[in-house]
Amino acid sequence: MMIDHNWYVIGEADKFHSNSPKKILINNTPLTVWKDNHERYSAIYDVCPHRGASLSKGRIDITTNCVV
388 MMIDHNWYVI GEADKFHSNS PKKILINNTP LTVWKDNHER YSAIYDVCPH RGASLSKGRI
448 DITTNCVV
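Under our numbering, the residues of the sequence shown are numbered 388 to 455, in order.
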């Protein structure tokens, strides 16, 4: 798990589509990143705590802005 607070380049803005989760790796840590309709970015650890599945394979609930 990342514990430092450094900035990392995660990709070009035009490669992230609204409400579409995308998996990235930072220091070998898998993250799911997405942006909402207002160009605000969010990220979460990519591994589902219940099933161990990749959260980037899910979808974004636009009402809650959460991975489902």
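Idealized CB from N, CA, C, for every residue including glycine.
In this text, all values refer to a predicted model and were calculated from it rather than measured experimentally.
Beta-carbon proximity of residue i to residue j, cut-off 8 Å
| i | j | result |
| --- | --- | --- |
| VAL434 | PRO417 | yes |
| LEU442 | ILE431 | yes |
| VAL455 | GLY445 | yes |
| ASN406 | SER429 | no |
| GLY398 | ILE413 | no |
Local Cβ density within 10 Å of residue i, reported as buried at 16 or more and exposed below that
| i | result |
| --- | --- |
| TRP394 | exposed |
| PRO408 | buried |
| THR419 | buried |
| LYS422 | buried |
Delimiting residues of the beta strand (DSSP E) encompassing residue i
| i | result |
| --- | --- |
| TYR395 | Run containing TYR395: none; DSSP gives neither H nor E here. |
| LYS410 | 409-413 |
Beta-bridge partners of residue i, as assigned by DSSP
| i | result |
| --- | --- |
| VAL455 | Paired residue(s): none; VAL455 is not in a bridge. |
Sequence ranges, beta strand (DSSP E) only - wholly within the segment 421-452, length at least 3
428-432
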